[in-house]
Every structure is written in C-alpha cells, then in structure tokens.
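First comes the structure, then the notes that go with it.
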Ligand code: ASP
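Here's what the structure looks like:
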C-alpha cells in the first residue's frame with residue numbers, strides 16, 4: 015500500500031511541476047511589399063533565404079532547448095537587425111535628413127507586459143532596449159533622445175549613425191527624393207513602395223505555453239517630422255496574449271495604426287473564437303479595403319500559425335516543434 019502511495023505521489027508531482035509542453039514554434043518576417051521575381055536576382059533571393067533560415071533557427075534552438083519565447087524573439091531579431099539586408103538596425107532606411115531613426119517593440123503574452131522605443135538614432139539593437147524598457151523602467155514607450163539616454167544608462171550598446179548606413183539605402187533615398195521632387199512618384203506606385211518600407215518581426219510560443227512578439231524597423235524612407243509608424247505601437251505593430259496569439263505586423267504603418275491590426279487579430283480570436291488564420295485574413299482584408307497594404311505573422315497558443323499578406327511578397331519563415339522549416343518570399 016505504501017509502495018502504491020509513493021508511486022501516486024511521484025506521478026502527481028511530475029504532472030504538477032513539469033508544465034513543459036511539446037508544442038512550440040516560431041515565425042519571422044523580414045518585411046512585406048512589392049517583392050517579385052522580376053526585381054530579384056538569384057543571388058539576392060539566396061541571400062535573403064539564407065538570412066531567414068539562420069535567423070529562425072536561432073530562435074528555434076532556444077525554444078527546443080527549453081528557453082523562453084522572450085529570448086527566442088530577442089535573439090532572432092538581433093540577428094535580423096545586424097543583417098544589412100533588412101530595414102532594421104544595420105541597413106535601415108534613411109529619413110529626409112539622411113539619418114536612421116529606429117523603432118521597436120516587444121510584448122509577452124502571460125502578464126501582457128510590453129516595452130517600446132521610437133526614433134532612436136544610436137541604439138545598435140532596438141529590440142533589446144524595448145525589452146529593457148519593459149523589464150527595467152516604469153514605462154512602456156520611450157522616444158528619441160530619451161530612448162537613447164535610457165539605453166546609455168542601461169549600458170546597452172550605442173553606435174554612430176555610420177554603423178547603420180549602407181550604400182543601398184543612400185541610393186534609395188536619392189531615388190525617392192528625386193521622384194518626389196519631380197512629382198512623378200505616387201505612394202500607391204508599387205516600385206516606389208518597394209523601396210520605402212520594410213521591417214523585421216518575430217513571434218514565438220515556448221514549451222511553457224507563453225507567447226511573445228517583437229517588431230523592429232527603420233520605418234519609411236524619406237520620412238520627416240519624427241514620423242512614427244506602427245512597429246513600436248503596442249496593438250498595431252506588436253501584440254501578444256496567451257489567451258489568443260502573438261502578432262507582428264509589417265507594411266504601410268499609417269494604415270496599421272488606424273486598423274489597430276495586431277490587437278484586432280487577437281481580439282477576433284479571444285471574443286469571436288476565430289482561428290488564427292481566419293482572424294489574420296479578416297484583418298488584412300480590412301487593411302486592404304481601407305487602401306493600405308502589408309502583412310502579418312501570428313502564432314496561437316497551440317502553435318498554429320498564420321503568414322498573411324495583401325502584397326506580392328513577404329520575407330518569412332516558420333519552424334514547428336518537429337523542426338519542419340518553411341521559408342518563403344513570394345505570396
Ligand atoms: N510598418 C513599418 C512602418 O510603417 C514599415 C514596414 O513594415 O514596412 O514604419
């Protein structure tokens with residue numbers, strides 16, 4: 015009898031202390047827009063796919079070995095920020111004055127904690143500072159010089175503007191300024207939009223059932239007046255709630271702010287019981303009907319994912335708990 019009682023206690027303690035689940039997964043994006051085979055060389059396509067694969071596997075390894083969704087999102091986005099290919103961190107687009115201004119946000123789904131920064135000119139890895147705002151300040155969002163000062167106070171790595179600037183983005187700014195001066199550009203023109211936008215994002219579910227989301231961007235080429243897009247705005251560019259899903263947006267930020275995109279997807283799931291894919295499609299269709307475009311990545315608390323867009327492409331990758339990897343660029 016004593017023996018059976020001991021076995022019973024052992025089973026009970028295992029089932030109450032080990033809350034780890036087999037279900038986990040990670041999805042990333044590197045921006046949505048007019049991405050077609052016509053404006054992509056084979057070499058560029060290979061470079062983008064390699065970068066997406068390396069990035070998503072960083073987060074996957076963290077999750078697989080029992081790490082948190084917060085760590086997976088942070089480390090994956092750091093890789094994307096450090097890569098000059100994407101519009102975030104190094105290689106970010108330039109504003110009207112030829113400077114880089116960076117936005118980023120992070121949210122975790124268990125307690126709904128969040129942190130964000132906007133308009134930073136010095137922070138090497140904005141995603142880490144966004145997380146620091148969440149964990150080490152009484153605030154959710156810091157901007158401009160204040161965000162840079164906070165990062166300095168927290169001993170986070172600061173760099174000169176030259177670190178972020180690439181020839182490709184300098185040329186883009188020249189082309190876009192030229193087009194705007196000659197009034198031949200129209201923001202609805204696909205070629206124009208392809209150069210203007212871009213962002214990176216990551217959503218993850220860890221083995222403990224916790225969701226997290228992060229988004230990081232240089233925003234819009236030739237932006238003026240300290241323009242801020244959706245990426246650092248909780249509810250628009252980034253949202254996470256263990257009751258529903260984690261979402262990261264990319265696209266024409268003004269529309270994503272007005273459509274409260276990331277929260278809208280989570281709300282449709284929580285209040286109307288939509289699946290993650292139905293909720294994502296509904297909200298992207300809504301953005302389309304408002305005249306905007308872009309895409310979202312989302313993962314729910316069971317590991318189901320959505321990668322939805324109304325553009326011709328979105329750099330994206332997904333790895334599920336079996337290690338099955340899916341990397342795509344075109345729609
Ligand atoms: N949503 C970003 C912004 O408007 C840009 C993008 O994702 O392409 O700043």
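Numbering (my numbering), first residue to last: 15 to 345.
Beta carbons are placed, not taken as given, at the ideal position from N, Cα and C, and that holds for glycine.
The model shown is predicted, which means the values in this text are computed figures rather than measured ones.
Exclusion of the five residues before and after residue 72 leaves 89, 90, 93 as the residues of its chain whose Cβ lies within less than 6 Å of its Cβ. Secondary structure note for residue 226: its beta strand (DSSP E) is the uninterrupted segment 225 to 231. Around residue 257, the same chain offers 284 as residues with beta carbons nearer than 7 Å, after the five sequence neighbours per side are excluded. Residue 68 and residue 341 have their C-alpha atoms roughly 11 Å apart.
Distances taken from the Cβ of residue 231 to the heavy atoms of the ligand ASP include one shorter than 8 Å. Annotation for residue 159 indicates a beta carbon at 8 Å or more from all heavy atoms of the ligand ASP. Within the same chain, and ignoring the five residues on either side of residue 123 in sequence, the residues whose Cβ sits closer than 7 Å to its Cβ are 224, 225, 226, 254, 255, 256, 260. Annotation: residue 48 to residue 59 spans about 14 Å, alpha carbon to alpha carbon. Secondary structure within the region 210 to 292: the beta strand (DSSP E) runs of 3 or more consecutive residues, fully enclosed, are 214 to 219, 225 to 231, 252 to 254, 259 to 265 (chain order). Contact annotation: the region 95 to 102 does not touch the region 72 to 81, with fewer than three C-beta pairs closer than 8 Å.
Residue state for residue 125 is assigned as coil, using DSSP reduced to three classes.
Taking non-hydrogen atoms of the ligand ASP into account, the C-beta of residue 101 is found less than 8 Å away from one of them. A Cβ-Cβ separation of about 7 Å places residue 119 in contact with residue 247 under the 8 Å criterion. Its Cα nearest to that of residue 174, the residue 113 stands out among 279, 113, 117. Apart from sequence neighbours up to five positions away, the residues of its chain that approach residue 301 with a beta-carbon distance below 6 Å are 269, 273, ordered along the chain. Look at residue 73 here: in three-state DSSP terms it is helix. The straight-line gap separating the alpha-carbon atoms of residue 64 and residue 37 is approximately 25 Å. DSSP places residue 100 in the coil class of the three-state scheme, outside both helix and strand. The ligand ASP never approaches residue 143 closely enough for any of its heavy atoms to be under 8 Å from the residue's Cβ. Rounded to whole angstroms, the gap between the alpha carbons of residue 335 and residue 127 is 25 Å. Ranking 321, 327, 187 by CA distance to the CA of residue 53 puts 327 first. Here DSSP, grouped into helix, strand and coil, assigns residue 94 to helix. The three-state secondary structure of residue 322, taken from DSSP, is strand.
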